[in-house]
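Down below is the structure, laid out as structure tokens.
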Amino acid sequence: MAYDQSNVFAKVLRGEIPCHKIYEDEDTLAFLDIMPRTEGHALIVTKEKARDLFDVSPKALAKLVAVVQKLAPVIQEATGAEGVLIQQFNGAAAGQTVFHLHFHIIPRKEGETLK
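Residues 48 to 162 (the working numbering) are what the sequence shown spells out, left to right.
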């Protein structure tokens, strides 16, 4: 399936939709989720036009994962979480709702339920 440039993350990347940006470099953008499952829930998106893990270049994927690895402990510390849940979905059947490659960083505390 072709990449849909009207997806919400493409609009965020183009500046058409505002976001609470927490990190940006030439290849990635990280921002807080507007429907967070916990405090500090962040989305890390590639700037490459890629629907999912199978549609992205190896170079862009490596850069995206490096940013996830860099930000996860920072978010964990900033929120006082005891751990972080890293999620990434591929396809509607897997739970993907925005068809632009992204990772979720969800801070977790013992006994806390996800929204």
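Backbone N, C-alpha and C define an ideal beta-carbon position, used for all residues, glycine too. None of the values given here were measured: they were computed from a predicted structure.
- Scanning L132, L148, N137 for the CA closest to the CA of L161 turns up L132.
- Per DSSP, the beta bridge partners of A89 are L79, I152.
- The beta carbons of F150 and I91 sit about 5 Å from each other, so the pair counts as a contact at 8 Å.
- Here E159 has T85 as same chain residues with Cβ atoms under 8 Å from its own Cβ, once five neighbours each way along the sequence are excluded.
- By the C-beta criterion, the region 112-119 is judged not to be in contact with the region 54-67, since fewer than 3 inter-stretch pairs fall below 8 Å.
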